[in-house]
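Q: Start counting the sequence shown at 2; every next residue gets the next number (our numbering).
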Amino acid sequence: MSKLKAGIIGSGKIAQVRHIPEYLQRNDVELVAICDVNLQRVKKIAQTHNISFATNKQSEILQSSDIDLISICTPNALHSKYALEALNHNKHVLVEKPMATNLKDLKKLYKTARKHNLVLMPGHNQRFDPVHRQVKELIDNKAIGNIIQFTSNYQHPGPQFWSVDKENSWFFNQKLSSFGALGDLAIHKLDLIQWLINQTFSEWFVAKNKAHDSRASISLRTRSGIVGSINVSWNNPLQDHRTVLYGTKGTIVFGEELHEVSIHRFNGETKIERIQPILRKDGKPNSGIIDHFVECVKGTESLSIDSKHVKNSLKVILS
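1) Whose C-beta lies closer than 6 angstroms to the C-beta of residue 206 among residues of the same chain, with five residues either side of it excluded?
2) Go to residue 308, then tell me how far its alpha helix (DSSP H) extends in each direction, as first and last residue.
3) Which of helix, strand or coil does DSSP assign to residue 172?
4) Given this structure, state the Cα-to-Cα distance separating residue 200 from residue 224, to the nearest angstrom.
5) Could you give the first and the last residue of the continuous beta strand (DSSP E) run that contains residue 299?
6) For residue 163, count the other beta carbons within 10 Å of its own beta carbon; 16 or more makes it buried, fewer makes it exposed. Which is it?
7) From what residue to what residue does the alpha helix (DSSP H) around residue 86 run?
8) Check whether the segment 182-190 touches the segment 113-122, counting contact only when three or more Cβ pairs, one atom from each stretch, lie closer than 8 angstroms.
9) Could you give the residue range of the alpha helix (DSSP H) that holds residue 115?
10) Per the contact definition of three or more C-beta pairs closer than 8 angstroms, is the segment 231-250 in contact with the segment 145-161?
11) Whose C-alpha, out of 8, 10 and 21, is nearest the C-alpha of residue 283?
12) Residues in the same chain with beta-carbon distance under 7 angstroms from residue 273, minus the five sequence neighbours each way, listed in chain order, please.
13) Where residue 46 and residue 161 are concerned, what is the direct C-alpha to C-alpha distance, given to the nearest angstrom?
14) Hey, could you find the ends of the alpha helix (DSSP H) residue 61 is sitting in?
15) Between residue 107 and residue 72, which are expected to be in contact by the criterion C-beta below 8 angstroms, what is the C-beta distance as a whole number of angstroms?
16) Does residue 260 come out as helix, strand or coil in the three-state DSSP assignment?
17) Can you find the residues in the same chain that come closer than 6 angstroms, C-beta to C-beta, to residue 310, ignoring five residues on each side of it along the sequence?
18) Pull up the DSSP beta-bridge partners for residue 239, would you.
19) On the three-pair Cβ rule with 8 angstroms, is the segment 120-135 touching the segment 85-102?
20) Report the three-state DSSP secondary structure of residue 153 (helix, strand or coil).
21) Taking the alpha-carbon positions, what's the residue 1 to residue 128 distance?
22) When burial is assigned at 16 or more other CB atoms within 10 Å of the CB, is residue 320 buried or exposed?
23) DSSP three-state label for residue 216, please.
24) Pop quiz: residue 308 and residue 111 are said to be a contact at Cβ under 8 angstroms. What is the actual Cβ separation, rounded to whole angstroms?
25) Could you tell me the distance, in whole angstroms, from the CA atom of residue 55 to the CA atom of residue 175?
26) So who's on the other strand from residue 55, going by DSSP bridges?
27) To the nearest angstrom, report how far apart residue 79 and residue 301 are at their CA atoms.
28) Which of the three DSSP states is assigned to residue 224 in this structure?
29) Identify every residue that forms a DSSP beta bridge with residue 123.
30) Can you name, in chain order, every residue of its own chain whose Cβ lies under 6 angstroms from the Cβ of residue 276, other than the five neighbours on each side?
31) Quick one, are the C-beta atoms of residue 198 and residue 148 less than 8 angstroms apart?
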């Protein structure tokens, strides 16, 4: 069987640390093309990873009949535009989050993907983390009874400390990013919590420091009465990834320590489960997002990211 041909639009940090290495480690995919407005950078990356074609013209990849699937790793404001063009040129598409910056464009993306029978997938990689998968299993098995409340933090020092462009990162340009920490961080936790509890949010209140936020707090409620909060920040040098799920029989805590889940029950029982990470060939954690995308394209797996969760998450951060 011939290999699937993949292309990437955008060569920033997420492309470099996730999409490129995770495509390259698959035996059934050939990463053949990459694009970025910074031609010098993208040519260097292509040379480093033996990618045969590098360009600063996205149309040369989006419209190429030789490419089967595409990752969109551009600034947020360009996600839906390039994804739609790729779908209309018969490409399966993996789009970094948020998949669109408004609900109209999101609806159009899903409609177009259905029309052409193509895989359209957002980059909600937290669902594939082994720790989160173990937590999902615990919840589904009623390890702490019924979930009634949650708190979740996602905080780090900010894009200037990890983006390839540092202080000049597009994250700080509202025209390109559309969102601040809400679109960068909160959307991950919104998707994760919805997946864990298998419910969408019906009510919410978003408090943020300014229109283009660097910190925000979200209070949420589901129709069944689960309440909780998500707190995000680009202003925490220590980082904070702690999530607590409160159930009728106890609590589950994760994110305090890498690869650990702790279960605390009202009857006094405490259990700590250590989860084995899944590593790539280079020894770094495998996000699982590329693998799931490729398997969905091949038809060996069904898309596990529900569009209603994607829509609900976008509605919240648009508030």
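We put the beta carbon where it would ideally sit given N, CA and C, even for glycine.
A: In brief:
1) Excluding residues within five positions, the ones whose Cβ falls inside 6 angstroms are 220.
2) 308-318 is the extent of the alpha helix (DSSP H) around residue 308.
3) Per DSSP, reduced to three states, the secondary structure at residue 172 is helical.
4) CA-to-CA, the gap between residue 200 and residue 224 works out to about 8 angstroms.
5) No beta strand (DSSP E) contains residue 299, which is instead part of the alpha helix (DSSP H) from 290-299.
6) The residue in question, residue 163, is exposed, as its Cβ has fewer than 16 Cβ neighbours within 10 Å.
7) In this chain, the alpha helix (DSSP H) harbouring residue 86 covers 80-89.
8) Contact between the segment 182-190 and the segment 113-122 is absent, because fewer than three Cβ pairs lie under 8 angstroms.
9) Taken as a continuous stretch (DSSP letters only), the alpha helix (DSSP H) holding residue 115 covers 104-117.
10) Yes, they touch.
11) Closest option to residue 283, Cα to Cα, is 21.
12) Only 261 and 263 meet the Cβ criterion.
13) Inter-residue distance for residue 46 and residue 161 is about 21 angstroms (C-alpha atoms, whole angstroms).
14) Segment 60-63, the alpha helix (DSSP H) holding residue 61.
15) The pair is not a contact, with the Cβ atoms about 18 angstroms apart (cut-off 8 angstroms).
16) In this structure, residue 260 counts as coil in the three-state DSSP scheme.
17) Contacts found: 192 and 195.
18) Beta-bridge partners of residue 239 (DSSP): none assigned.
19) Judged by Cβ distances under 8 angstroms, the segment 120-135 makes contact with the segment 85-102, as three or more pairs qualify.
20) In the three-state reduction of the DSSP assignment, residue 153 falls in the strand class, which pools E and B.
21) With the chain covering only 2 through 320, there is no way to say anything about residue 1.
22) By the 10 Å Cβ count, residue 320 comes out exposed.
23) Here residue 216 carries a strand assignment [DSSP, helix/strand/coil].
24) The Cβ separation is near 6 angstroms, so the contact holds.
25) Using only the alpha carbons, I get a separation of about 28 angstroms.
26) 35, per the DSSP bridge assignment.
27) Taking C-alpha positions only, residue 79 is separated from residue 301 by approximately 30 angstroms.
28) Note: residue 224 maps to coil in three-state DSSP.
29) Looking at the DSSP output, residue 123 shares a beta bridge with 96.
30) Contacts found: 131, 132, 135 and 260.
31) Yes; because the gap between Cβ atoms is below 8 angstroms, this pair is in contact.
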